[in-house]
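K.L.:
This is the structure I have questions about; it appears just below.
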Amino acid sequence: MNWHGIRAIYKFEMARTWRTLMQSIASPVLSTSLYFIVFGAAIGSRMGDIEGVSYGAFIIPGLIMLSLLSESISNASFGIFFPKFSGTIYEVLSAPISAFEIVAGYVGAAATKSILLGLLILLTARFFVDYQILHPFWMLGFLVLTALTFSMFGFIIGIWADDFQKLQVIPLMVVTPLTFLGGAFYSINMLPEFWQKVTLFNPVVYLISGFRWSFYGIADVNVAVSLAMIFLFLLLCMTGIWWIFRTGYRIKT
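Read the sequence shown against UniProt numbering and you will find it ends at 253, with the numbers running on by one and no gaps.
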């Protein structure tokens, strides 16, 4: 295992984060804080509890997941796309480092940024809403697994994209709508029975439900099913990355 190579890629990607601190960290935290102010403090104070939890506290896991998914994908996709765009990908491919080590460096850095962002949003929420975490171990587990999985997904998008516009297509047109419709701001049990069944086809529902369970012990779907869905998506992303390096799909273009 070439730990020096992994560390070099990891440090380079993390250094880019500190150089763009306002865009990478401050902007997502500020945007999420506005959600807390509007939905948590203003609207939430006029709404009843949901399954015994105040509305402001109820939406915290959903808002964290919203930022976590989008930032994991964006960080990882841009991290691998820019070397392709600038041509420096050849330096990485010619180095004595394996495909696994390349992925470990880029995905590890993207996941680290996303986890850091999620924890910062969690701390920021304390200024606006009172909340509790019943299962902190599982909360961290869901946070890490989700960040790692969607960073791998973002890595695949970065390989697939051949221009900057395509980097934003899936996060903006697919992931964000699925998150809003996946129970980020409401419980799917509040929907009519037909739409509850339709919503179960949304994979993000299982992520938000499991994450919310770690906070308050309430969930729209079984927690074991949520974990199974995360591991299934993780397996699919790992398979996709393996296929990319096996075939050399768009790595050098």
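Every residue, glycine too, gets a C-beta built ideally from N, C-alpha and C. Since the model is a prediction, treat every value here as computed from it, not as a measurement.
Sorted by chain position, which residues of the same chain lie with C-beta nearer than 7 Å to Ser-74's C-beta, five sequence neighbours on each side aside?
P.N.:
Closer than 7 Å at the Cβ level, and outside the excluded window around Ser-74, lie Gly-154 and Pro-171.
K.L.:
Would you list the one or two residues that DSSP bridges to residue 255?
P.N.:
The chain is shown only over 1 to 253; residue 255 falls outside these bounds and no answer can be derived.
K.L.:
In chain order, what residues of the same chain lie with their CB nearer than 7 Å to the CB of Gly-183, ignoring the 5 residues before and after it?
P.N.:
Correct list, in chain order: Gly-62, Val-205, Ile-208, Ser-209 and Asp-220.
K.L.:
Between Thr-199 and Tyr-186, what straight-line distance do the alpha-carbon atoms span, to the nearest angstrom?
P.N.:
Whole-angstrom Cα-Cα distance: 12 Å.
K.L.:
Would you kindly check if the distance between the Cβ of Ile-121 and the Cβ of Thr-32 is under 8 Å?
P.N.:
Yes, Cβ-Cβ distance for Thr-32 and Ile-121 is below 8 Å.
K.L.:
For a minimum of 4 consecutive residues, which ranges assigned as the alpha helix (DSSP H) are wholly contained in the region 174-231?
P.N.:
List check, alpha helix (DSSP H) in window: 176-180, 193-199 and 203-216.
K.L.:
Grouping DSSP H, G and I as helix and E and B as strand, with all else coil, what is Thr-146?
P.N.:
The answer is helix: DSSP assigns Thr-146 an H, G or I state.
K.L.:
Give a yes or no on whether the C-beta atoms belonging to Ser-151 and Ala-110 are separated by under 8 Å.
P.N.:
It is a contact, given that the beta carbons lie within the stated cut-off.
K.L.:
I'd like the list of long-range same chain contacts for Ile-50, defined as Cβ closer than 6 Å, with 5 residues on each side in sequence excluded.
P.N.:
Closer than 6 Å at the Cβ level, and outside the excluded window around Ile-50, lie Phe-58 and Ser-187.
K.L.:
Less than 7 Å between C-beta atoms, sequence neighbours within five positions excluded: which residues of the same chain meet that for Gly-217?
P.N.:
Only Leu-134 meet the Cβ criterion.
K.L.:
Would you call the region 162-171 in contact with the region 122-141, where contact means no fewer than 3 C-beta pairs closer than 8 Å?
P.N.:
No, the region 162-171 does not touch the region 122-141.
K.L.:
Looking at Val-129: is its Cβ nearer than 8 Å to the Cβ of Gly-56?
P.N.:
Closer than 8 Å, so yes.
K.L.:
Whole angstroms is fine: what's the gap from Phe-201's alpha carbon to Phe-137's?
P.N.:
Approximately 28 Å, taken between the alpha carbons.
K.L.:
Taking C-alpha atoms, which residue in Ala-8, Ile-156, Phe-36 and Val-38 lies nearest to Pro-96?
P.N.:
Taking only the C-alpha atoms, the option nearest Pro-96 is Ala-8.
K.L.:
Ends of the alpha helix (DSSP H) at Arg-7?
P.N.:
From DSSP, the alpha helix (DSSP H) with Arg-7 extends over 3-19.
K.L.:
Cα separation between Thr-179 and Leu-232?
P.N.:
The straight-line gap from Cα to Cα measures roughly 18 Å.
K.L.:
Nearest to Ile-64 by alpha carbon, out of Leu-93, Leu-34, Phe-194 and Ile-6?
P.N.:
When each option's Cα is compared against that of Ile-64, the closest is Leu-34.
K.L.:
Please state whether DSSP places Pro-96 in a helix, a strand or coil.
P.N.:
Coil, per DSSP.
K.L.:
From Ala-161 to Phe-85, what distance separates their C-alpha atoms?
P.N.:
Cα to Cα, Ala-161 sits roughly 10 Å from Phe-85.
K.L.:
From what residue to what residue does the alpha helix (DSSP H) around Thr-32 run?
P.N.:
Looking at the DSSP string, the run of the alpha helix (DSSP H) that includes Thr-32 is 27-35.
K.L.:
Spatial neighbours of Ser-77 within its chain, please: C-beta separation below 6 Å, excluding the five flanking residues on both sides.
P.N.:
Excluding sequence neighbours, Ser-77 sits near Gly-154, Ile-157, Gly-158 and Leu-167.
K.L.:
I need the boundaries of the alpha helix (DSSP H) containing Gly-87, first residue and last residue.
P.N.:
Careful: Gly-87 lies outside any alpha helix (DSSP H) and carries neither H nor E.
K.L.:
Classify Ala-147: buried if its beta carbon has 16 or more other beta carbons within 10 angstroms, exposed otherwise.
P.N.:
When all chains shown are included, Ala-147 counts as buried.
K.L.:
Would you call the CB atoms of Thr-112 and Met-14 closer than 8 Å?
P.N.:
Taking 8 Å as the Cβ cut-off, Thr-112 and Met-14 qualify as a contacting pair.
K.L.:
Helix, strand or coil for Ile-59, going by three-state DSSP, please let me know.
P.N.:
Of the three classes helix, strand and coil, the one that applies to Ile-59 here is coil, per DSSP.
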